[in-house]
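Residue numbers (my numbering), protein chains in the order written: chain A, 1279 to 1457; chain B, 1279 to 1457.
Here you go:
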């Protein structure tokens, strides 16, 4: 494949990433999960701190418990797996930026392999329950997870939705100066 | 190409992303720049706020001015272009996470097209100068840029460096529970 073909294929996948919450709890192939974790592991970070641990949850009871603690991430209960991002507690501004970088790579690596995904937020009120469920110590931060799974039929339609969900290029881009 | 081939190609590019600061100031193809901006535009964000404007700087005087304001991002002076991420000022925690997501996609889209890149931080002391240079209003945040360019020979070696720069998979991944 030519460089142009390679570039086009990656751009196609970048464009195809969607937040899909309508998931089926089918188990995910282990190799696909490892490929996603490798993509996350390779994320760059400020001062190469790599301020993360990725906790992979497939246990149905634990997924249900996380969903119960995270009202906006109820879809986790139906996911094949969730990757919970456990972050170092210091330098919160840099760490939060790096957390976004790692989460995005998880979504992209999943999409590339035909696995549906959605970021979920664990609200402050739900974090003690998630810490207890997963054995996460106090000095670590936990806020973000990525649910992974097979899209249901309605989830697959979300995935194919037309491109009206983003501001136009000439709205979000300025050349040379902001104003 | 099969789905497996597609997935493998994307994973290859995700693994190939490197921070390359040894850049040459060659102009970048306009189409490649637009493809990178499209990848950034499509980034998902909390509540789909899309809290960003991407300012593309190619003017050599402006690039030199940004480099002067950002001691740790001196490489911008030799870049073909820089994309400055101008972010909405509210909801800083969510905005910073989303900023990381967009920056990561810029790096990936650049890498896919054979363009070298490196994130740069504009320190608080340098932000007034960058605001003045680019006409960025007070209510917006500006902190992050991505320098883009052609790697020098030494930059290209960085890019090919062996995989010793990240913690091993079994150090960064836990199965089912953190501890």
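Glycine included, C-beta positions come from ideal geometry on N, C-alpha and C.
- Secondary structure within the segment 1376-1407 of chain B: the beta strand (DSSP E) runs of 3 or more consecutive residues, fully enclosed, are 1394-1399 (chain order).
- When DSSP states are grouped into helix, strand and coil, residue 1361 of chain A belongs to the strand group.
- Only residues of its own chain outside the window of five on either side were considered, and among them 1324 have a CB closer than 8 Å to the CB of residue 1375 of chain A, listed in chain order.
- In the structure shown, residue 1351 of chain B falls within a helical segment according to DSSP collapsed to helix, strand and coil.
- Legend: CB atoms of the segment 1363-1377 of chain A lying less than 7 Å from CB atoms of chain B belong to residues 1364, 1371, 1374, 1375, 1376 and 1377.
- Excluding the 5 residues flanking it on each side, residue 1367 of chain A has same chain C-beta neighbours closer than 7 Å at 1417, 1418 and 1419, in chain order.
- Look at the segment 1417-1428 of chain A: it has no residue with a C-beta under 7 Å from a C-beta of chain B.
- Non-local beta-carbon contacts of residue 1314 of chain A in its own chain, meaning distances under 8 Å to residues more than five positions away in sequence, involve 1361, 1384, 1387, 1388, 1391, 1393 and 1426 in chain order.
- Look at residue 1324 of chain B here: in three-state DSSP terms it is helix.
- Contact of residue 1457 of chain B with chain A by beta-carbon distance below 9 Å involves 1412, 1413, 1414 and 1415.
- Here residue 1422 of chain A has 1363, 1377, 1381, 1397 and 1399 as same chain residues with Cβ atoms under 7 Å from its own Cβ, once five neighbours each way along the sequence are excluded.
- In chain order, 1333, 1334, 1335, 1336, 1337, 1340 and 1412 make up the part of chain B whose C-beta sits under 9 Å from the C-beta of residue 1454 of chain A.
- Of all C-beta pairs linking the segment 1301-1312 of chain B to the segment 1345-1360 of chain B, three or more are shorter than 8 Å, placing the two stretches in contact.
- Proximity of residue 1297 of chain A to chain B, defined by a Cβ-Cβ separation below 8 Å, is satisfied.
- Under a 10 Å Cβ-count criterion, residue 1351 of chain A is classified as buried, with 16 or more other Cβ atoms of the shown protein chains found around its own Cβ.
- Annotated as distal: residue 1292 of chain B and residue 1455 of chain A, with beta-carbon spacing of 8 Å or more.
- Contact note: residue 1350 of chain B does not reach chain A at a C-beta cutoff of 7 Å; the least C-beta distance is about 10 Å.
- Of the candidates B:1342, B:1347, B:1311 and B:1345, the residue whose Cα lies closest to the Cα of residue 1332 of chain B is B:1311.
- By the neighbour-count criterion, in which 16 or more other beta carbons inside 10 Å mark a residue as buried, residue 1348 of chain B falls on the buried side.
- For the pair residue 1343 of chain A and residue 1403 of chain A, the CB atoms are not nearer than the 8 Å cut-off.
- Taking 8 Å as the cut-off, the Cβ atoms of residue 1433 of chain A and residue 1295 of chain A do not count as close.
- Within the same chain, no Cβ atom closer than 8 Å to the Cβ of residue 1453 of chain B is found once the five residues on either side in sequence are excluded.
- In the DSSP annotation of this structure, residue 1317 of chain B is not part of any beta strand (DSSP E); the continuous alpha helix (DSSP H) holding it starts and ends at 1308-1319.
- Taking a Cβ-Cβ threshold of 7 Å, the residues of chain A close to residue 1381 of chain B are 1379, in chain order.
- When Cβ-Cβ separations below 8 Å define contact, residue 1285 of chain B makes contact with chain A.
- Counting the other Cβ atoms within 10 Å of the Cβ of residue 1449 of chain B gives fewer than 16, which makes it exposed.
- For residue 1424 of chain A, the uninterrupted beta strand (DSSP E) segment begins and ends at 1419-1429.
- Contact with chain A is absent for residue 1346 of chain B, since none of that chain's Cβ atoms lies less than 8 Å from the residue's Cβ.
- Residue pairing by DSSP places residue 1451 of chain B opposite A:1332 in a beta bridge.
- Taken in chain order, the members of the segment 1385-1402 of chain A whose beta-carbon sits within less than 7 Å of a beta-carbon on chain B are 1386, 1387, 1390, 1391 and 1392.
- In this structure, the CA atom of residue 1286 of chain B is about 37 Å from the CA atom of residue 1337 of chain B.
- Counting only Cβ-Cβ distances below 8 Å, residue 1447 of chain B has contacts in chain A at 1312, 1315, 1316 and 1319, in chain order.
- The C-beta of residue 1290 of chain A has fewer than 16 other C-beta atoms within 10 Å across all chains shown, which makes the residue exposed.
- In the three-state reduction of the DSSP assignment, residue 1293 of chain A falls in the helix class.
- A straight-line Cα-Cα distance of about 26 Å links residue 1414 of chain A and residue 1309 of chain A.
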